[in-house]
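Structure first, commentary second.
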Amino acid sequence: MESRGIQVNTQMCNSIIEGRYRHGFVGDAVETTRKMIEVGCELDIVTYNILISNACRDGKLQEAEKLLEQVRRRGYIPNKLSFTPLIHAYCRQGDFERASSLVVEMTECGHKPDLVTYGALVHGLVVAGEVDAALTIRDKMMERGVSPDSGIYNVLMNGLCKTGRFLAAKQLLSEMLGHNVLPDVYVYATLVDGCIRNDNLDEAKKLFEDILKRGMDPGIVGYNAMIKGFCKSRMMRDAIICMNRMVTGNISPDEFTYSTIIDGYIKQHDLYGALKVFSLMIKRNSTPNVVTYTSLIDGFCRNGYSVGAEKIFREMKLNGATPNVVTYTVLIGGFCKEGKLAKAASFFEQMLLSKCNPNDVTFHYLVNGFSKNVSSTILNRKNESDIQGTMLLEVFGRMISDGWDPISAAYNAIIGCLCSHGMLAIALQLSDKMWNKGLPPDSVTFTALLSGICSVGKSKEWRSIVTCNLDEPELNVAIKYSQIFERYLNDGASAEASTILHTLVKDRKSLDQEANGLRI
Numbered sequence: 031m032e033s034r035g036i037q038v039n040t041q042m043c044n045s046i047i048e049g050r051y052r053h054g055f056v057g058d059a060v061e062t063t064r065k066m067i068e069v070g071c072e073l074d075i076v077t078y079n080i081l082i083s084n085a086c087r088d089g090k091l092q093e094a095e096k097l098l099e100q101v102r103r104r105g106y107i108p109n110k111l112s113f114t115p116l117i118h119a120y121c122r123q124g125d126f127e128r129a130s131s132l133v134v135e136m137t138e139c140g141h142k143p144d145l146v147t148y149g150a151l152v153h154g155l156v157v158a159g160e161v162d163a164a165l166t167i168r169d170k171m172m173e174r175g176v177s178p179d180s181g182i183y184n185v186l187m188n189g190l191c192k193t194g195r196f197l198a199a200k201q202l203l204s205e206m207l208g209h210n211v212l213p214d215v216y217v218y219a220t221l222v223d224g225c226i227r228n229d230n231l232d233e234a235k236k237l238f239e240d241i242l243k244r245g246m247d248p249g250i251v252g253y254n255a256m257i258k259g260f261c262k263s264r265m266m267r268d269a270i271i272c273m274n275r276m277v278t279g280n281i282s283p284d285e286f287t288y289s290t291i292i293d294g295y296i297k298q299h300d301l302y303g304a305l306k307v308f309s310l311m312i313k314r315n316s317t318p319n320v321v322t323y324t325s326l327i328d329g330f331c332r333n334g335y336s337v338g339a340e341k342i343f344r345e346m347k348l349n350g351a352t353p354n355v356v357t358y359t360v361l362i363g364g365f366c367k368e369g370k371l372a373k374a375a376s377f378f379e380q381m382l383l384s385k386c387n388p389n390d391v392t393f394h395y396l397v398n399g400f401s402k403n404v405s406s407t408i409l410n411r412k413n414e415s416d417i418q419g420t421m422l423l424e425v426f427g428r429m430i431s432d433g434w435d436p437i438s439a440a441y442n443a444i445i446g447c448l449c450s451h452g453m454l455a456i457a458l459q460l461s462d463k464m465w466n467k468g469l470p471p472d473s474v475t476f477t478a479l480l481s482g483i484c485s486v487g488k489s490k491e492w493r494s495i496v497t498c499n500l501d502e503p504e505l506n507v508a509i510k511y512s513q514i515f516e517r518y519l520n521d522g523a524s525a526e527a528s529t530i531l532h533t534l535v536k537d538r539k540s541l542d543q544e545a546n547g548l549r550i
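Sequence positions in the sequence shown follow our numbering and run 31 to 550.
Structure, rendered in structure tokens:
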């Protein structure tokens with residue numbers, strides 16, 4: 031530029047750097063900054079603010095901190111535009127301690143944080159569960175002459191309601207009105223939802239009616255909160271009236287609306303009512319989600335119609351909804367309740383194949399279902415095609431035939447399945463829970479866990495993961511059951527597990543022989 035007679039100055043360079051950042055040319059912006067230094071243009075506070083802002087936008091907080099330090103070393107006083115990007119970035123990362131200290135530094139430099147900066151801190155703290163800290167920030171901002179807006183009040187009320195502090199949330203509403211800050215529909219929706227969470231339906235209805243009296247539109251959030259309250263209180267007629275009211279107000283019910291009402295009917299054992307709402311949902315082109323389908327599956331299972339539940343499950347998958355842990359658990363529980371253990375085992379296998387982690391409720395249904403339906407398992411074993419490919423049935427059936435306790439057999443079969451699908455951590459946790467219930471790990475538990483350890487490539491460190499106090503006869507039992515587990519492992523893991531077991535038997539024999547020699 032200088033060769034063309036154009037005088038290069040700091041202000042011009044700042045405009046170029048900012049423009050290149052804005053259009054995504056980060057490399058060019060950095061190069062312009064370098065050339066700016068080369069030609070003797072002094073980087074001023076504006077330059078540094080541009081660099082800090084863009085470093086924060088890209089998540090490079092260490093780089094931004096270094097730039098802020100350079101600002102101080104060069105004798106510049108950081109201003110609001112120096113601190114604000116860093117404060118927001120730290121809030122996004124959940125580092126509220128650093129964000130708060132920057133607010134203090136900013137104030138000490140004579141710059142008052144604005145509403146947006148305080149709002150970012152309050153929101154971040156509430157999301158992190160630090161509601162009291164967020165309230166302290168609210169107090170400080172008011173002391174410094176910055177009044178919270180409806181957005182900040184809404185966030186604080188939401189945090190208080192979610193932690194069961196509904197009275198404190200109502201006090202905030204009074205404070206808000208006292209400061210002539212008019213609550214918007216989101217504030218009211220938050221309080222309505224807070225009432226529902228605290229089982230105060232009457233207060234929720236009053237607030238909801240207040241929204242309407244003020245001529246405000248409750249919106250989908252407000253209506254859904256109220257519908258949830260009616261369903262929770264088993265007032266299905268009122269829930270339907272509320273849904274019709276929102277339709278009259280030109281607000282289309284969404285999948286949450288329908289799913290809430292369907293679940294409400296299911297919890298009242300009214301499958302017919304739930305199916306009517308489901309038909310209406312389809313008719314109005316609202317797409318059912320995993321919650322909708324799971325509620326219906328639960329309804330069929332509650333009524334002993336596992337065939338209908340399975341049909342809904344297939345429809346769910348065909349329509350692209352992914353079953354979750356609740357979906358699988360409800361189905362497994364339904365089949366166990368009906369004594370259809372082969373079906374329960376099949377869906378448990380599907381669950382593990384889908385990398386969906388089972389929970390304590392899943393295990394409870396399986397242990398109860400299998401241990402209380404031993405005769406059904408024995409009948410299933412007579413037809414090998416029923417158990418082929420389902421480790422759960424095969425291990426449980428073999429253990430029952432060998433005279434094991436049904437509860438221990440159920441736990442071991444589940445642990446074996448988890449291990450065969452690489453879910454070693456969950457299997458180890460279940461083994462600990464088995465122990466806590468007075469069922470110490472046995473030969474089958476050990477060989478199942480050993481198979482799982484080998485399947486995840488940790489055969490060399492197995493001793494640090496599981497202990498083995500089995501004697502020779504118990505180790506021979508472990509080898510017997512390992513033949514079942516090996517069929518479900520890859521060849522490498524199977525060979526490693528077999529080698530470890532046979533080595534343990536050999537070592538145990540040697541120890542026993544040495545002990546016998548000493549006794550002689």
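Glycine residues also receive a C-beta, built at the ideal position from the N, C-alpha and C atoms.
Remember, predicted model here, so these are calculated numbers, not experimental data.
According to DSSP, simplified to helix, strand and coil, what is residue i?
| i | result |
| --- | --- |
| Thr497 | coil |
| Leu202 | helix |
| Asn442 | helix |
| Thr317 | coil |
| Trp492 | helix |
| Pro115 | helix |
| Tyr106 | coil |
| His153 | helix |
| Thr193 | coil |
| Asn230 | coil |
| Ala158 | coil |
| Asn354 | coil |
| Arg538 | helix |
| Gly303 | helix |
| Glu368 | coil |
| Met246 | coil |
| Ser567 | Only positions 31 to 550 of the chain appear in the structure, and residue 567 is not among them; the question remains open. |
| Asp240 | helix |
| Glu414 | Low per-residue confidence applies at Glu414: pLDDT is 49, beneath 50, and the placement is therefore not dependable, though the value from the model is reported in the following sentence. In this structure, Glu414 counts as helix in the three-state DSSP scheme. |
| Lys90 | coil |
| Lys170 | helix |
| Asp58 | Its pLDDT being 49, under 50, Asp58 is placed unreliably by the model, and the measurement read from it follows with that caveat. Helix, per DSSP. |
| Gly35 | Confidence at Gly35 is low in this model, with a pLDDT of 42, below 50, so the placement of that residue should be treated as unreliable; the coordinate-derived value is given next. Three-state DSSP puts Gly35 in coil, outside helix and strand. |
| Leu480 | helix |
| Cys447 | helix |
| Leu469 | coil |
| Pro143 | coil |
| Ile550 | Caution applies to Ile550, whose pLDDT of 48 falls short of 50 and renders its modelled position unreliable; the value that the coordinates give is listed next. Residue state, collapsed to three classes: coil. |
| Cys261 | helix |
| Ser528 | helix |
| Ser282 | coil |
| Cys386 | coil |
Where does the unbroken alpha helix (DSSP H) through residue i begin, and where does it stop?
| i | result |
| --- | --- |
| Ala219 | 215 to 227 |
| Tyr288 | 285 to 297 |
| Asp328 | 320 to 332 |
| Leu212 | Looking at the DSSP string, Leu212 is not in any alpha helix (DSSP H), and its letter there is neither H nor E. |
| Trp465 | 454 to 466 |
| Leu519 | Unbroken run through Leu519: none, as it is neither H nor E. |
| Arg344 | 336 to 348 |
| Ser177 | Here Ser177 belongs to no alpha helix (DSSP H), and DSSP marks it neither H nor E. |
| Arg428 | 421 to 431 |
| Val72 | Strictly speaking, residue 72 in this sequence is Glu, with Val absent from that position. Glu72 -> no alpha helix (DSSP H), and no H or E assigned at all. |
| Val486 | First-last for Val486: undefined, no H or E at that position. |
| Asn13 | Since the displayed the chain opens at 31 and closes at 550, residue 13 lies outside it and no answer follows. |
| Met381 | 371 to 383 |
| Leu396 | 390 to 401 |
| Ser130 | 126 to 138 |
The ligand FMN and residue i: does any heavy atom of the ligand fall closer than 8 Å to the residue's C-beta?
| i | result |
| --- | --- |
| Ile296 | This structure simply doesn't include the ligand FMN, nor any ligand for that matter. |
Return the Cβ separation of residue i and residue j in integer angstroms, given the expectation that the two are a contact with Cβ distance under 8 Å.
| i | j | result |
| --- | --- | --- |
| Leu448 | Ile456 | 5 Å |
| Ser485 | Leu519 | 5 Å |
| Thr420 | Ile445 | About 15 Å; that fails the 8 Å criterion. |
Are any of the Cβ atoms in chain B nearer than 9 Å to that of residue i?
| i | result |
| --- | --- |
| Gly487 | Of the protein chains in this structure there is only one, and it is not chain B. |
Margin query: Assess contact between the stretch 334 to 341 and the stretch 304 to 318, defined as three or more Cβ pairs (one per stretch) separated by less than 8 Å. Is contact present?
Written below: no
Note to self: Under 8 Å, with one C-beta from each stretch per pair, do the stretch 435 to 451 and the stretch 362 to 373 reach the 3-pair mark?
What the structure shows: no
Margin query: Any contact between the stretch 239 to 249 and the stretch 262 to 269? By contact I mean 3 or more CB pairs, one from each, below 8 Å.
Written below: no
Next item on the list: Determine, using beta-carbon pairs with one atom in the stretch 423 to 432 and one in the stretch 460 to 467, whether at least three such pairs fall under 8 Å.
Entry: no
Notebook entry, point to check: Counting pairs of Cβ atoms below 8 Å between the stretch 384 to 397 and the stretch 472 to 486, do you hit three or more?
Noted result: no
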